[in-house]
Every structure is written in C-alpha cells, then in structure tokens.
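Peer 1: So that you can map any letter, position 55 of the sequence shown is 55 in full-length UniProt numbering, and since no number is skipped, the others follow by simple counting. All residues carry an ideal CB built from backbone N, CA and C; glycine is no exception. Quick one: this structure, given as structure tokens, is what I'll be asking you about.
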Amino acid sequence: MYPKPIENLIRSLTRLPSVGRRTAERYVFHLLKSGKKEVAELTLALKQLAETMKSCAVCRDFSDVSPCRVCADRSRDHATIAVVAESQDVQALERTGAYAGVYHVLRGVIDPEEIERLDQLKVADLLDRARDQNTREIILALNPDIKGETTMMYLEAELKELRPDLTVTRLARGLPMGSDLEYADEITLGSALRHRLKQ
Ligand SMILES: [Zn+2]
Numbered sequence: 001m002y003p004k005p006i007e008n009l010i011r012s013l014t015r016l017p018s019v020g021r022r023t024a025e026r027y028v029f030h031l032l033k034s035g036k037k038e039v040a041e042l043t044l045a046l047k048q049l050a051e052t053m054k055s056c057a058v059c060r061d062f063s064d065v066s067p068c069r070v071c072a073d074r075s076r077d078h079a080t081i082a083v084v085a086e087s088q089d090v091q092a093l094e095r096t097g098a099y100a101g102v103y104h105v106l107r108g109v110i111d112p113e114e115i116e117r118l119d120q121l122k123v124a125d126l127l128d129r130a131r132d133q134n135t136r137e138i139i140l141a142l143n144p145d146i147k148g149e150t151t152m153m154y155l156e157a158e159l160k161e162l163r164p165d166l167t168v169t170r171l172a173r174g175l176p177m178g179s180d181l182e183y184a185d186e187i188t189l190g191s192a193l194r195h196r197l198k199q
C-alpha cells in the first residue's frame, strides 16, 4: 500500500475510461516527480471544469453557457436536430462544415441486452423537442456499430410513434461498420451527412 494521498488519487484515476491501476500509478508518480507547478495547473484545470461547465438546457451538450452557443445561434436551422451519442461527436460534425442544424447529445448508447437503460440517456429531453411542431427532421447520427444501431432502432420507433409526420433520417452508409464518428475524416462524415437516408 502506498501512502493514503497516493492511494486516493490512484483510486480516482482508475475510474476514468481505459485507466487501469498501473497507468494510474504512472500518472501519480509522474505528477510527484514533475513538481508543484504541474500539479497546481492540473488542480486549477479540474476546478475550472467543475465550476464552469454545465449541461445546455436545450441540447444537453456540455457548455460553459446555457443555452450553448449552437442552440443560441439564430442563424442555424433549429428545425433539424442531429442526435449524437457524445459531445465529441458534435465537434466531429461541426468540423465537416456540412451541417447547419442543431444537436441533441444523448450522453451514451445502449447495448442490445440493456434496453431498459434507454431511459438513462437524454431521451426524454429529445422526445420533448421532437414533440415541438417546429421540429421537422431528426437525424440519427450515432456510430454504425451494434450499440449505435440498437439505440437508433429504439429511438426511431419512439419518434415515429410520437410524431408520424416527423422526418427521421440516418447518416448515409459509407461510414465503415464499427467506425467511430469522432475519428471519421471530415469528407467522409460530411458526405454521410449530406446523403442521409430517410427511415
Ligand atoms: Zn445546446
């Protein structure tokens, strides 16, 4: 056992995705060796993150202001909503320059075995927005993998039941199965967005 402050930080770090105990130990000893300045910078960055970031009341993206800059931008098309799994996907779609609508961030996707978890995603907020008659199209822009496909299938069913007149689309094929939106190149993603398919 290391001294308690080290153990505490290791425990906190291992809660992060892809960080096992070994990696956490490496981070902690790196910080100890690098000195107080680096630790102070990290502490400040974490404090600012916790104190200034919030959830946009409209799209549920993380932002320092609510509504976020995209939702507050009146020059965007607020009748078209792209549903994405994570905040990073908003950035990926923005980088394409091919999209002028707004977003909805689900904060995750579900496995075929955990359909009951659908409620833990920001689905109720999405349905509220879909209920609004000003909403004309919902683009389901989740990753083309098992979880993304499962989530899209359920959302499609819910949206169609709620508003049969609503246009529900998906990104065009061309994104390889199993690929991650976050890492798709701008041209491929932009083209998938422009050639989206009506469901
Ligand atoms: Zn927003």
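His-195: which of Lys-4, Ala-172 and Tyr-154 sits nearest, CA to CA?
Peer 2: Ala-172
Peer 1: Give the single residue among Val-90, Val-102 and Leu-16 whose Cα lies nearest to the Cα of Arg-74.
Peer 2: Val-102
Peer 1: Can you give the Cα-Cα distance for Val-65 and Val-39, rounded to whole angstroms?
Peer 2: Rounded to whole angstroms, the gap between the alpha carbons of Val-65 and Val-39 is 27 angstroms.
Peer 1: Which same chain residues, not among the five before or five after Ala-79, have their C-beta less than 8 angstroms away from its C-beta?
Peer 2: Gly-101, Asn-134, Thr-135, Arg-136 and Glu-137
Peer 1: Among the candidates Ala-82, Glu-7 and Leu-42, whose CA atom is the shortest distance from the CA of Leu-126?
Peer 2: Comparing alpha-carbon positions, the option among Ala-82, Glu-7 and Leu-42 lying closest to Leu-126 turns out to be Ala-82.
Peer 1: Please tell me whether Val-84 and Ala-124 are closer than 9 angstroms, where the distance is taken between their beta carbons.
Peer 2: no
Peer 1: Is Leu-31 helix, strand or coil by DSSP?
Peer 2: helix
Peer 1: According to DSSP, which residues form a beta bridge with His-104?
Peer 2: Val-83
Peer 1: Does Val-168 come out as helix, strand or coil in the three-state DSSP assignment?
Peer 2: strand
Peer 1: Counting Cβ pairs, one atom from each stretch, are 3 or more of them under 8 angstroms apart for the region 84–93 and the region 181–190?
Peer 2: yes
Peer 1: What is the DSSP secondary structure of Glu-137, reduced to helix, strand or coil?
Peer 2: Correct three-state label for Glu-137: strand.
Peer 1: Listed in chain order, which residues are found with a beta carbon closer than 6 angstroms to a heavy atom of ligand 1?
Peer 2: Cys-56, Val-58, Cys-59, Asp-61, Pro-67, Cys-68, Val-70 and Cys-71
Peer 1: Going by other Cβ atoms of all chains shown within 10 Å of its Cβ, with 16 needed for buried, is Pro-3 buried or exposed?
Peer 2: exposed
Peer 1: Could you give the distance in angstroms between the alpha-carbon of Pro-144 and the alpha-carbon of Gly-190?
Peer 2: 15 angstroms
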